[in-house]
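*Asks:* Below you will find the structure I want to go over with you.
Number of protein chains: 4
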Amino acid sequence: MVKVAVIGVGYWGPNLVRNLVESPLCSEVVVCDSEAQRLRHILRRYPGVRVTTDAQEVFGAPDIDAVMVSTPPKTHYDLAAATLRCGKHVFVEKPFTLSSDHAVRLIDLAREQGRTLMVGHTFEYSPPVRRIKEIVQSGELGKICYISSTRVNLGLHQKDSSVLWDLAPHDLSMLLYWLEETPREVMATGKDFVQPGIPDVAFVFMRFASGAIGHIQVSWLAPSKLRQTTVVGGNKMLVYDDTQHMEQVKIYDKGVKYRDPDTFGEYHLSYRMGDIVSPQIETYEPLQAEVTDFLESIIEGRDPATGGEQGLRVVRVLEAAERSLSNSGHVEVLSREAAYV
Amino acid sequence: MVKVAVIGVGYWGPNLVRNLVESPLCSEVVVCDSEAQRLRHILRRYPGVRVTTDAQEVFGAPDIDAVMVSTPPKTHYDLAAATLRCGKHVFVEKPFTLSSDHAVRLIDLAREQGRTLMVGHTFEYSPPVRRIKEIVQSGELGKICYISSTRVNLGLHQKDSSVLWDLAPHDLSMLLYWLEETPREVMATGKDFVQPGIPDVAFVFMRFASGAIGHIQVSWLAPSKLRQTTVVGGNKMLVYDDTQHMEQVKIYDKGVKYRDPDTFGEYHLSYRMGDIVSPQIETYEPLQAEVTDFLESIIEGRDPATGGEQGLRVVRVLEAAERSLSNSGHVEVLSREAAYV
Amino acid sequence: MVKVAVIGVGYWGPNLVRNLVESPLCSEVVVCDSEAQRLRHILRRYPGVRVTTDAQEVFGAPDIDAVMVSTPPKTHYDLAAATLRCGKHVFVEKPFTLSSDHAVRLIDLAREQGRTLMVGHTFEYSPPVRRIKEIVQSGELGKICYISSTRVNLGLHQKDSSVLWDLAPHDLSMLLYWLEETPREVMATGKDFVQPGIPDVAFVFMRFASGAIGHIQVSWLAPSKLRQTTVVGGNKMLVYDDTQHMEQVKIYDKGVKYRDPDTFGEYHLSYRMGDIVSPQIETYEPLQAEVTDFLESIIEGRDPATGGEQGLRVVRVLEAAERSLSNSGHVEVLSREAAYV
Amino acid sequence: MVKVAVIGVGYWGPNLVRNLVESPLCSEVVVCDSEAQRLRHILRRYPGVRVTTDAQEVFGAPDIDAVMVSTPPKTHYDLAAATLRCGKHVFVEKPFTLSSDHAVRLIDLAREQGRTLMVGHTFEYSPPVRRIKEIVQSGELGKICYISSTRVNLGLHQKDSSVLWDLAPHDLSMLLYWLEETPREVMATGKDFVQPGIPDVAFVFMRFASGAIGHIQVSWLAPSKLRQTTVVGGNKMLVYDDTQHMEQVKIYDKGVKYRDPDTFGEYHLSYRMGDIVSPQIETYEPLQAEVTDFLESIIEGRDPATGGEQGLRVVRVLEAAERSLSNSGHVEVLSREAAYV
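Residue numbers (this note's numbering), protein chains in the order written: chain A, 1 to 341; chain B, 342 to 682; chain C, 683 to 1023; chain D, 1024 to 1364.
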């Protein structure tokens, strides 16, 4: 049984608290936020939790085993580093950090301290995303050609974070999880319509060493919520629509058939059309699976599914995309010699 | 009453023939195709038309007033030039030509000959596209921020034309028609998965002098047909879905509200949510309107809605996109000093 | 090769003419309509057809082998009887006749004359309806429990025919085709909102000897077009949506699992949830298959798929439903002793 | 501030507990259930509530002001009567009771005791249902012709209650709320496929004195979840789809236009087609509004929106429908002389 503190109960943190309170692996929950009002709200719902407005109290409490950091991204590094230095396990919400340097330092620190470091890429725990991973791994789709993802809706504009750092981490963590590789080249374009200097619409294009390409469209300025990802393989194609209750994943038995190129020339291709299958998807809450993975990785002394390196590779792509976006879409090459990934 | 020849009755040409046969403005229809099999098929349906396998016969026939060219793009220039040189009016299917040089020469030739030159950008005659033009012009959406368009499905791979020249002309003609400006910068990325050297997936990004941006995603490798365009304005947003029977256009009364920036800082913005309206759209056939415009522009001696210059500006963007695509997404700047546009 | 006359080229007849003109089994097409304006319209498109405003001319022409009757329902009986009496084959649009007496007399007459009698239940030739027939016959769904069908939209109000006779024949022909039985009991309710005495909204409930039940909802007063049929079997369930381009048919691998009733009591049932499969459906035009079946049945001297008896059983259910509707939903029992069915 | 006990925390009761715990109008929450396991689950989430397995303890506690009954329907009458006899206010989940006699007795008892009696017709507190009420009342739709409602999905079969008593109360409470009248005639058909004697598919048809008709289709044997209600008025039509996030309500500006019947005959009608508007709908939780109405009606001594009489009229229609269903769809006439409604 683990004793866990949650720092930050703004928009997302209360969901972490709820899952901890209900987890049989968690024996005590401490909640820390600088705004007392938020703590009162938490206490009304969960009268059994301990609360404090002082993060130092959390770090100094010897009975707290682990800290979950759910604060604005710019504070992630300091809070996670402080947690690890106190010898506690740490969970950091996505985006992990705002620079890959910080991410590397946290990975090193966790290794030195022998503590669990986990990043909250919740989508990698979601039933449809895991099911798609199985489908991709099974080879059913054939070799993956390209993945195109759209994640748009109206709001929520962030004061100190672009749409890239806000929405793209979801798609990037999914893509890298499915493809099991990091892009070699990243390009991004976009624009800041509402707040000068903070892009609210962005398009990211990626080339992978395997030959696959990826494209992500993110926007805070869109009339309706879209969360749709298309995975095109050599044999079959797949669409994942996260806004659907039913039929979140559809597999299309479609493809291009090649005929003998020597005899007929390269143009003799035809199309194969077949059934569409929407596989039944389990329906557990991704966040519960994520919190359980964090607690179990602490108890069992093993790595979580979404550890620091998984967080780092997403940060590295975001960094490159941001550089490209500031530089008129210049091609950013991700070096293979990086310390990690 | 106009006497019209159609050259090329492969995939699209028979639709031109049908509309000419039924038009009260057309007194005779001549059909020309190098494949006799296709002419037999036409004759079975329209026993009253004249047919020939020889284009020279068309050019030499003094009683033919106008020619509609519906052949592969690489033949457009030669056929259209020959038509104009014979003193006949000409209609060329999209894409107009494969180079802007050719497009400029045809425009010049039509001017010299005093004949009508029209390009088949059918979408500019479609009821929803025209209705959106009215909505944009009315100012209801506010200043246009960005337009994002997706046009994908499985097939039809072309032997000598990329997905860019095949599908993007539709979206480009719509965007330029609505925005009434040509982009200053064009970038494109993509890849050739099926046939080496012929991109089948492409993404085009455009910056306009007005501050607007445009994004077009086209693919021949997609599991299901999508034709969706989002227009985001400062006040309202609009979605046009061409695969819908009903509710092809939806206007979202949504936007970002700005508060006084001096007093509260730039972050005091909130969101305005309102009704969604799907305006009733007329239901005539766009191609019929297009053919009528061609015939009337000949009879009345006036310019058609989609003349050579409209065709040229689309070709110029396609050319720039193709250069960028071949050049790793390099930013292509469209000069303002171009002879036209 | 068959020489065929079409009587009636109002709303639907021109489609028959088009398919006859293009059929390699038909050597000549004669078109008859009392309105000369309609004949001129036909001639413009099909200059090769013969036209007349006089039905007697059709009946008297020795070279006409067969007549397709596409006139208002109340004229079906007289025209079909006259055709058969002249020794010609006859095709009658649905609804076959307005009384089962008339239907029986036409069946008898066709038998006496040794001529083909076919009823235009086009849906029985449509690819999804045929595919569903195969699925039902294969036993994949298990024993059919119930079929519920909805066919509604705004208009088109008929002057002399209720919504029952206008829209329900489609659903009835599909249901009887799939189930291969005629209901034993029919009840109907509804109301006449727009024109007194002509119901424009109706609900039909049917019990079959097999234990299955059927329900049909038809309306001329509905805000949007719905054509959806649900088939619930003991093992799987199926939805057919005729307004969809893609995924017209979906098979749900869902059902109720029964446990041992002796041990645990009748309440120990649970639900089986599985994949959803949308089988690929062929895409030919149903009307072409129907016209071909008519011509081939004449040439080969065999019965068409939708002969007089198929038409009769639909008329018998419509008659019973109409009686029930006029009688406050009274249960109408269809006698097993009827001459046919 | 009210002290409230909840009896029954199976499927739905925990939602009542949650809303009471968070309500500023409720000072104490007592939870009663015969299964200790369920109470432990409640205590884990809400450590501050009092629990008991003995309903008599609730009735005997002088400090408990009100009881919310969320147990199986067959126990509603006894528990509600016991509550009222102890002088406490009572809230009963839908369906109110299993007979109108019981419903009338509870209404009388509440009146004698001077206590609040409320029935949990949650839909009457839901934002789209309330918005539709405003639209109907405003006259925008014109005179209501008919309402057709479908509420189907796979499961959950009840041991001692038919699909009629399980699902139809939602639609009935909405219909009667919007129409402000009780039907004069009720007919129902259906069948018991899974458990003998317990219909799992049912169709209910109703005639109202105003001329309107209503139709409800409910099923526990359907492949996918449908909750759709169509309201057809003389001027406009409306569709309410409860499974949608966005666009739950759509208003269609469509209708039949009547021309002068004296001059042209009854058949000169045409159709008016117009825009489709999806009004923005508020997004509060209906259950919170319902619990607040219960607590406020106690505090203010006023009637709740869904009091005993609203519950009774739904029970009377359900009773009639059940009689009709057992009697082959016989027309059941609801007497106007009933004590209530």
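Beta carbons are placed, not taken as given, at the ideal position from N, Cα and C, and that holds for glycine.
Among the candidates Met-683(C), Ile-826(C), Arg-995(C), Gly-1011(C), whose CA atom is the shortest distance from the CA of Leu-858(C)?
*Replies:* If we check each option's Cα against that of Leu-858(C), Arg-995(C) comes out closest.
*Asks:* Considering Cα atoms alone, identify which of Ala-212(A), Ser-161(A), Ser-210(A), Arg-184(A) is closest to Val-201(A).
*Replies:* Comparing Cα positions, the closest option is Ser-161(A).
*Asks:* Report yes or no: do three or more beta-carbon pairs, one from the segment 1118 to 1132 of chain D and one from the segment 1152 to 1165 of chain D, lie closer than 8 Å?
*Replies:* Cβ pair count under 8 Å is below three, so no.
*Asks:* Examine chain D for any beta-carbon lying closer than 7 Å to the beta-carbon of Pro-729(C), and answer yes or no.
*Replies:* Not closer than 7 Å to any Cβ of chain D, the Cβ of Pro-729(C) fails to qualify, so no.
*Asks:* Which partner residues of Val-201(A) appear in the DSSP bridge assignment?
*Replies:* Its beta-bridge partners are Lys-191(A), Ser-219(A).
*Asks:* Who are the Cβ neighbours of Lys-1024(C) in its own chain at under 7 Å, not counting the five residues just before and after it?
*Replies:* Residue 1024(C) lies beyond the residue range present for chain C, which begins at 683 and ends at 1023; the question has no answer from this structure.
*Asks:* Listed in chain order, which residues of the segment 989 to 1014 of chain C have Cβ atoms closer than 9 Å to some Cβ of chain A?
*Replies:* Under the 9 Å Cβ criterion, the segment 989 to 1014 of chain C contributes no residue.
*Asks:* Can you confirm whether the segment 1105 to 1118 of chain D touches the segment 1055 to 1071 of chain D when touching is taken to mean that 3 or more C-beta pairs between the two stretches lie within less than 8 Å?
*Replies:* With a cut-off of 8 Å, the segment 1105 to 1118 of chain D and the segment 1055 to 1071 of chain D do not count as touching, because too few Cβ pairs lie within range.
*Asks:* Assign Met-342(B) to one of three DSSP states: helix, strand, or coil.
*Replies:* Looking at Met-342(B) - three-state DSSP - the assignment turns out to be coil, as it is neither helix nor strand.
*Asks:* Quick check: Val-51(A) and Val-29(A), are their CB atoms within less than 7 Å of each other?
*Replies:* Result no, Cβ atoms of Val-51(A) and Val-29(A) do not sit closer than 7 Å.
*Asks:* Quick check on DSSP: helix, strand or coil for His-89(A)?
*Replies:* Three-state DSSP puts His-89(A) in a strand.
*Asks:* Is the shortest distance between the beta-carbon of Lys-3(A) and the beta-carbons of chain D less than 7 Å?
*Replies:* So no, Lys-3(A) is outside the interface.
*Asks:* Mind checking whether Val-504(B) and Val-590(B) have CB atoms under 7 Å apart?
*Replies:* No, the pair does not count as a contact, with Cβ atoms beyond the cut-off.
*Asks:* Please go through the same chain and pick out, in chain order, the residues whose beta-carbon is closer than 8 Å to the beta-carbon of Phe-655(C), but skip the five residues on each side of it.
*Replies:* This structure leaves residue 655(C) out entirely; chain C is present only between 683 and 1023.
*Asks:* Can you tell me whether Gly-311(A) is buried or exposed? The criterion is at least 16 other CB atoms within 10 Å of its CB, across all chains shown.
*Replies:* Burial call: buried.
*Asks:* Apart from the five residues just before and just after Asp-253(A), which ones in its own chain have a Cβ nearer than 6 Å to its Cβ?
*Replies:* Result list for Asp-253(A): Lys-236, Gly-274, Asp-275, in chain order.
*Asks:* Pull up the CB-CB distance for Val-968(D) and Leu-1107(D), whole angstroms please, since I reckon it's below 8 Å.
*Replies:* Given a span of 1024 to 1364 for chain D in the structure shown, any question on residue 968(D) remains unanswerable.
*Asks:* So, at 6 Å on beta carbons, what are the nonlocal neighbours of Ser-328(A) in its own chain, with the 5 sequence-adjacent residues on each side left out?
*Replies:* Excluding positions up to five away in sequence, the list is empty.
*Asks:* Please report the straight-line C-alpha distance between Ala-212(A) and Val-31(A), rounded to a whole angstrom.
*Replies:* For Ala-212(A) and Val-31(A), the distance between alpha carbons rounds to 43 Å.
*Asks:* At least one CB of chain B closer than 7 Å to the CB of Pro-344(A): is that the case?
*Replies:* Since the first residue shown for chain A is 1 and the last is 341, residue 344(A) is missing from the structure and cannot be characterised.
*Asks:* Asp-745(C): buried (16+ other C-beta within 10 angstroms of its C-beta) or exposed?
*Replies:* That one is exposed.
*Asks:* Which residues bound the beta strand (DSSP E) around Ser-27(A)?
*Replies:* First-last of the beta strand (DSSP E) with Ser-27(A): 26 to 32.
*Asks:* Please identify, using Cβ separations under 9 Å, the residues of the segment 1295 to 1328 of chain D that lie next to chain B, in order along the chain.
*Replies:* Those residues of the segment 1295 to 1328 of chain D that come within reach of chain B (Cβ to Cβ, closer than 9 Å) are Met-1296, Gly-1297, Asp-1298, Ile-1299, Val-1300, Ser-1301, Pro-1302, Gln-1303.
*Asks:* Who pairs with Lys-598(B) in a beta bridge, going by DSSP?
*Replies:* Answer by DSSP bridge pairing, in chain order: Ser-611(B).
*Asks:* If contact is defined by three or more beta carbon pairs under 8 Å, each pair taking one atom from either stretch, is the segment 1132 to 1148 of chain D in contact with the segment 1319 to 1331 of chain D?
*Replies:* A contact exists between the segment 1319 to 1331 of chain D and the segment 1132 to 1148 of chain D.
*Asks:* Whole angstroms are fine: how far does the CA of Phe-96(A) sit from the CA of Thr-1094(D)?
*Replies:* If I take the Cα positions, the gap works out to 47 Å.
*Asks:* With a threshold of 7 Å between beta-carbons, can Phe-605(B) be considered close to chain A, or not?
*Replies:* Unreliable placement is indicated for Phe-605(B), whose pLDDT of 46 sits below 50; no coordinate value is reported for it.
*Asks:* Could you spell out where the alpha helix (DSSP H) holding Val-632(B) opens and where it closes?
*Replies:* Element bounds for Val-632(B): 627 to 641.
*Asks:* Spell out whether any CB of chain B is found under 7 Å from the CB atom of Leu-334(A).
*Replies:* No, Leu-334(A) lies away from the interface with chain B (no Cβ there is under 7 Å from its Cβ).
*Asks:* With distances taken between CB atoms, is the gap from Met-1210(D) to Ser-1349(D) smaller than 7 Å?
*Replies:* The answer is no: Cβ separation not under 7 Å.
*Asks:* Please state the DSSP three-state secondary structure of Met-459(B).
*Replies:* The answer is strand: DSSP assigns Met-459(B) an E or B state.
*Asks:* Return the first residue and the last residue of the alpha helix (DSSP H) that Asp-166(A) is part of.
*Replies:* From DSSP, the alpha helix (DSSP H) with Asp-166(A) extends over 163 to 179.
*Asks:* Against Lys-595(B), what residues of chain A qualify as contacts under a CB-to-CB distance less than 7 Å, listed in chain order?
*Replies:* Leu-154, Pro-223, listed in chain order.
*Asks:* Once DSSP output is grouped into helix, strand and coil, what is the label at Ser-278(A)?
*Replies:* Strand.
*Asks:* If contacts are defined as beta-carbon pairs under 8 Å, then Ser-99(A) and Glu-319(A) qualify, I think. What distance do you get, rounded to the angstrom?
*Replies:* Rounded, the Cβ-Cβ distance is 7 Å, consistent with contact.
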